[in-house]
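In this note's numbering, the protein residues as written are 1 to 107. Virtual Cβ for every residue (Gly too), placed ideally from N, Cα, C. Keep in mind it's a predicted model, so treat the numbers as computed, not measured. Accompanying notes for the structure given below.
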């Protein structure tokens, strides 16, 4: 009689565990499918936008004026170098702040 009770409890516990596991997997699979559907919509929107941008880029003529006015090119180069220097300064400040925070934890 004791073994019958033990096996009955084991079988019922296994069925309960299988039910909880199945329910959890069902909920997670529904959430995954919803997220995949949303990702599909986003990819579709990105594809549409890429097509629109490609069409707009093809509609505009290409301006490759390599032999144009050197002063214009120098001014553009100076602007690009200034922007690069500003980004470098921001990056160095960000790194210094991060390293200071790390040093505070290790002391």
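The DSSP-derived three-state label of residue 53 is helix. In the three-state scheme derived from DSSP, where H, G and I count as helix and E and B as strand, residue 12 is classed as helix. Annotation: residue 69 is outside any alpha helix (DSSP H) and is labelled neither H nor E by DSSP. Rounded to whole angstroms, residue 69 and residue 83 show a C-alpha spacing of 22 Å. Inter-residue distance for residue 94 and residue 87 is about 10 Å (C-alpha atoms, whole angstroms).
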